[in-house]
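Q: First the structure, then my questions, so here it is.
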């Protein structure tokens with residue numbers, strides 16, 4: 002078999018694997034078995050990463066969506082988190098708003114869980130001497146998910162114990178988080194936020210440091226790496 006024939010055979014195999022169930026009549030038993038295995042794996046990824054979304058659609062609808070994804074969307078990599086990302090990208094243009102938001106919310110949870118950034122435990126540095134920065138896995142998102150009882154702004158991040166946390170954000174939270182977009186010391190943050198009474202800010206920071214929402218380091222240490230990541234369809238603080 003020459004190179005051209007090999008290429009054509011590969012293309013045909015790929016086309017058969019991606020054929021919609023209704024067009025799968027020409028599949029050999031071996032290809033059908035492999036295709037069903039691939040379809041099942043994708044469906045399991047979707048169920049694992051997007052359980053809230055899956056709870057909102059029936060089994061037949063989910064099968065059709067996975068079938069459409071397999072037939073029409075080229076995922077860039079086979080790892081489960083890449084499949085989840087590509088499924089979100091595939092569904093975003095056509096999913097109803099509430100279901101799209103389920104997908105986006107659960108994808109942000111996954112992103113926080115698998116983010117390669119290192120989340121340090123509290124350094125113990127006195128608040129007045131520390132450089133303060135946001136948790137490197139932090140994403141802020143606006144939600145209106147009645148199915149999950151979630152409404153308003155939330156901070157989603159992974160703590161030093163590798164637990165994904167979500168914190169409802171009020172106006173004060175958002176104001177302080179905006180002030181920490183650039184790492185800075187306590188005095189600088191207080192000035193940037195124009196907060197006259199320091200007590201609420203100090204207590205907020207102590208609580209945020211304890212949960213991992215805010216990181217601390219000594220002034221002489223290099224800032225933590227915040228690697229660029231594929232953006233979700235979310236709204237920041």
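In the working numbering, the protein residues as written are 2 to 238. Just so you know, even glycine gets a beta-carbon here, dropped at the ideal spot from N, CA and C.
Grouping DSSP H, G and I as helix and E and B as strand, with all else coil, what is residue 145?
A: Here residue 145 sits in strand by DSSP.
Q: Measuring alpha carbon to alpha carbon, tell me which residue in 155, 92, 184, 85 is nearest residue 133.
A: Nearest option by C-alpha distance: 184.
Q: Using the rule of at least 16 other Cβ atoms within 10 Å of the residue's Cβ for burial, across every protein chain shown, is residue 23 buried or exposed?
A: Confidence at residue 23 is low in this model, with a pLDDT of 47, below 50, so its placement is unreliable and the value that follows should be read with caution. Exposed is the call here.
Q: Based on DSSP bridge pairs, tell me the residues matched to residue 132.
A: The partner list for residue 132 (beta bridge, DSSP) reads 186, 218.
Q: What would DSSP say about residue 124, mapped onto helix, strand or coil?
A: Looking at residue 124 - three-state DSSP - the assignment turns out to be coil, as it is neither helix nor strand.
Q: Around the Cβ of residue 140, are there at least 16 other Cβ atoms within 10 angstroms (buried) or fewer (exposed)?
A: Looking at its Cβ environment, which holds 16 or more other Cβ atoms inside 10 Å, residue 140 is buried.
Q: Please identify the residue among 72, 194, 63, 220 whose C-alpha is closest to the C-alpha of residue 241.
A: Given that the chain is displayed from residue 2 to residue 238, the structure contains no residue 241 and the question cannot be resolved.
Q: Does the segment 120-131 touch the segment 81-99, meaning 3 or more C-beta pairs lie closer than 8 Å?
A: No: the two stretches stay apart, fewer than three of their Cβ pairs being nearer than 8 Å.
Q: Would a C-beta distance cut-off of 8 Å place residue 44 and residue 67 closer than the cut-off?
A: Yes.
Q: Does the Cβ-Cβ distance between residue 200 and residue 191 come in under 8 Å?
A: Their beta carbons are not under 8 Å apart, which means residue 200 does not touch residue 191 by this criterion.
Q: Return yes when the C-beta of residue 111 is under 7 Å from any heavy atom of the ligand ATP, and no when it is not.
A: This structure lacks the ligand ATP, and indeed carries no ligand of any kind.
Q: Give me the DSSP bridge partner(s) of residue 154.
A: Residue 154 is bridged to 143, 170.
Q: Provide the residue span of the alpha helix (DSSP H) that contains residue 98, from first to last.
A: 98-115 is the extent of the alpha helix (DSSP H) around residue 98.
Q: On the three-state DSSP scale, how would you describe residue 175?
A: Reduced to three states, the DSSP call for residue 175 is helix.
Q: Classify residue 234 as helix, strand or coil using the three-state DSSP reduction.
A: For residue 234, the predicted model reports a pLDDT of 44, less than 50, meaning its position is unreliable; a value from the coordinates is still stated below. Coil at residue 234, not helix or strand.
Q: Using a Cβ-Cβ cut-off of 8 Å (strictly less than) and excluding sequence neighbours within five positions of residue 212, which residues of its own chain qualify?
A: Excluding sequence neighbours, residue 212 sits near 160, 166, 168.
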